[in-house]
Every structure is written in structure tokens, then in C-alpha cells.
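With this note's numbering, the residue at position 136 of the sequence shown is 204, and numbering never jumps. Cβ atoms here follow ideal geometry from the backbone N, Cα and C, with glycine treated the same way. These numbers were taken from a predicted model, which means no experiment stands behind them. Notes for the one structure printed next.
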Amino acid sequence: MKTLVIHPYLKRDNTHNRTPEARLAEAVRLTHAISLEVVDSVLVPLSVYRPATYIGQGKADELALIIKEKEVGLVVADSSLSPVQQRNLEKTWECKVIDRTALILEIFGARARTHEGKLQVELAALEYQKSRLVRSWTHLERQRGGFGFLGGPGESQIEIDRRLIRDRIARIKRELENVTRTRELHRKTRRDVPYPLVALVGYTNAGKSTLFNRLTGAQVLSMDKLFATLDPTLRIRKLPSGLNIMLSDTVGFISDLPHELVAAFRATLEEVQEADLLLHVRDISHPDSSAQKEDVLTVLGGLLDEETLDVKMMEVWNKIDQLPEDNREVGGIGVSALTGEGVDKLLAILDKKFGEFYMTKFNLKLPVEDGEKLAWLYRHGTVLSQTEKKGMFHISVSMTTENAARWKKLKKN
Ligand SMILES: Nc1nc2c(ncn2[C@@H]2O[C@H](COP(=O)(O)OP(=O)(O)OP(=O)(O)O)[C@@H](O)[C@H]2O)c(=O)[nH]1
Ligand SMILES: [Mg+2]
């Protein structure tokens, strides 16, 4: 569908850490995310917001010319519109109008794959719809001259719609509780696997899925679209030292996430709360890279306390292939998920980090003739000392907790 993207903003508002141009560009990218054809994008600077049309009738009439000329069938307004404003604009422009929340809901809806993801998105969509029915009801009432007690077909239809939505919301919430409980069980099983969990987090389009694929050889859909990933994905990766880690790819963050969507979004981030390490993947070639970082930290701040974040977070600067070659060594761990540059260094750093976290040291005795087990110890650990007494080796060894668990089993046999 031919789509016009507009970004209305207050001229005197300087509370934003991004330029209006950058925010418009992001809205265009969001619109591309559900394969709409963007024929034009326009900044709409305003002195005030107008209750009837949000942007004012004059601006609306100006835009009507573009809409007519370019045969636009859909306008995406990168803002939050009330149902009244939406309807008035649709009337002026004779085409469909959606706001940012509706757009992101569409994207989440198109991308959600797991049962839980779909439920969460539907729930968010219903909550959005419900709030709009409520407001449009008062609007209708006002149009009729405020005689709400007269009732009428419009009102009762809305009452029915509201009840249907309420019922559906209740059903989804119950179903979600079940799903969450099942997943809790799954996670318990997973926690028995003594692998550290590393979650890739970061702004949408930073390259998380590309890095995830590069690290695990997995084929997670990665594409040049926002929100290419909605549901977290888990894979095991063996580090050069032999230590296994679990990697989790997560949904991308975005600025000004509509509040109706926060719960749906957070539900997809449970892995983050359990992670032993958060790899914050940053698109370092993006002009808004530091604003994106702030957004990511804000969202994470709502999920974890500051101290935990301090300890668990590590930045990876991605897309260094986009930087000039003599400027790739700046701060952080620089990688290119696309070309593979820097990935070995990243793996070595992970090894070191988890080596320290997950190594255990213990003493053991072994009959000197048990060459097989001795060889196993040398293969899977670092033997710190070894002495012989009365036909027994006294050994002090350090190894990963995972290998230590294997050793316990091996010793029993
Ligand atoms: N030049 C360059 N492009 C990259 C690099 N890593 C990823 N990309 C591109 O960036 C785009 C987004 O990559 P994804 O891996 O889908 O990004 P993501 O962070 O998973 O995005 P969401 O799932 O939407 O949050 C794709 O077009 C990738 O090919 C890189 O190191 N260099
Ligand atoms: Mg992704």
C-alpha cells in the first residue's frame, strides 16, 4: 500500500535526544518493517498540538495535497493519536490513518512466532482497542449533543464490543498464565544444564541476530528490517577453551515504546533477567548510537537493578566494517557480525570472563594405575599439582564446573 509517513513534533520541545529528522527516518524504517511502500515522508513542525486533528487543520490541508498527488492509501503518524484525531484526519485525507502504537502492534503481530509471543501481542492489541472504544464512546456522546442517557444503536454496539473485548482479554490472560507456568518448568530443566547464559541485547537493527548466527551457526531470520526477531532463541556455543555457553537472541529495543506494548515487550525479555552476562550489541556506525544506548539502558533499568547491570553488562561494538579502517580500535570490543572481524577476540574475552566465573578447584585421589582417568583430567582441566603416596596420586586440579560435574559421574563408574 502506498504510504506516507509523517513525524509531527513541537518546535520548542528540546527534551528529545534525537533530531526530528532521525526520528522520522526511524518511523520510515518501522513502516518498511511490515513491507509497506513508503512514497514520501514529511516532518510536521508544530507550535502546539490541536485537539481536533493533532497537527491542525491548516497542516492537514497542506498534506492532503501530497496525499492526493501521490495516491496515498495509508498515513502513518509517528505520534499518539486519539480516536477523534484519527477519524478527523481520515476524513480530511480520505485515506486510512494509523499512529505509532498501531504500527508497532502490526509489526509485533506480523513477527510473533511462539504461542506466548502471539498471545502477548494480541493482548496488547486488545488493550489498545479497548481504550479507543472507551474514548470513542464519549466522543459519540458529545456528537449527539451530550445526551448520553438517550442511548441508541451506536452506544449499545460499543457496549457489546467492549464486553467481547473484555471477555477475550480475560481468556488470553488465563492462557498466558498457563503458558508462563509451562515455560517456567522448561527453564528449570534448562537451569540444570550448568552452562552460563549469555543474552544478546540491544537496539533494534543493531545486528544481534547476525551476531547470534555468526556465533552459533544458527539460521535466525536476520534482515534489514526493524524487529526481525520477536521471540528469544537459544543456542549452545562451545568456546575455544571447551567451555559451553548458552546464547540467547532477543527482541530489539526501540525508543518511545508505546506503554501498551511494554508488557508484551518485557515478556520477550525474560531471558535477560536470568542471564549471567548481557552482551549489549551496539551499532557503532549509527549516528544515533549513543541515544540508542541510553534507550537500551533505560529499558534494562526497568528489568534489573543498577548493581546487577553494572556487573553483568558488556558492550560489543558492532558494524565496525562501516567505520574507516584506521578507526576501528576505539573503546569496547569491536566486531563485525557481517564479516566476522573481531569475533575471535570476543570469544577469547568470553572465555576469560567465564573461565574466572565458572572454574572450580578441587583435590582428588586416584590409583596410579588408572591411566585413563588421569588422561581425562589432563584433557579437561588444568592439573595444578600431582604427588604420589602409597600407590595413589594426590592431585589438585582446576576445571570448569561443567567438567567437574562430568568428572563426578566418571569417577563413580
Ligand atoms: N555492515 C554491517 N551490517 C551488519 C552487521 N551486523 C548486522 N548488520 C546488518 O544489520 C541489519 C540488522 O541485522 P539484524 O541481525 O537483523 O539486527 P537485530 O539487532 O537482530 O535486529 P532486530 O531483531 O530487529 O532487533 C541486517 O541488514 C544486517 O545484515 C555488521 O557487522 N556490519
Ligand atoms: Mg534480531
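Shown here for L445: same chain residues with a beta carbon closer than 7 Å to its own, the five before and five after excluded, namely V451, I463 and V465 in chain order. In this structure, K276 has its CB closer than 6 Å to one or more heavy atoms of ligand 2. In this structure, K361 has its CB at a distance of at least 6 Å from all heavy atoms of ligand 1. It is roughly 25 Å from the alpha-carbon of L415 to the alpha-carbon of S358. Nearest Cα to E383 within the set I123, E393, K276 and G370: K276. Excluding five sequence positions before and after R200, the CB atoms of its chain that fall closer than 6 Å to its own CB belong to P151, given in chain order.
The C-beta distance from V73 to S109 rounds to 4 Å, short enough to fall under 8 Å. Around the C-beta of A192, 16 or more other C-beta atoms lie within 10 Å, and the residue is accordingly described as buried. The shortest CA-to-CA distance from F333 to any of T272, K479, L391 and S353 is the one to T272. In this structure the segment 152-159 does not lie against the segment 76-87, because fewer than three pairs of beta carbons, one per stretch, are closer than 8 Å.
Pairing T99 with V140 gives a Cβ-Cβ distance that is not under 7 Å. Counting C-beta pairs with one atom in each stretch, the segment 278-287 and the segment 242-249 have fewer than three that are closer than 8 Å, which means they do not touch. For the options V330, L302 and I313, the alpha carbon positioned closest to that of E339 is the one of L302. Taking C-beta separations shorter than 6 Å and ignoring five residues to either side along the sequence, D378 has no partners in its chain. With respect to the 7 Å criterion, T318 and L347 are not classified as neighbours on the basis of their beta carbons. In chain order, L191, L194, E195 and K198 place their CB closer than 8 Å to the CB of I237, counting only its own chain and leaving out the 5 sequence neighbours on each side. Per DSSP, reduced to three states, the secondary structure at S109 is strand.
One thing to note: L418 has its Cβ within 7 Å of the Cβ of L307. For H75, no alpha helix (DSSP H) encloses it; the enclosing beta strand (DSSP E) starts and ends at K70 to L78. Judged by beta-carbon spacing, D351 lies beyond the 7 Å limit of N395, meaning their Cβ atoms are not closer than that value.
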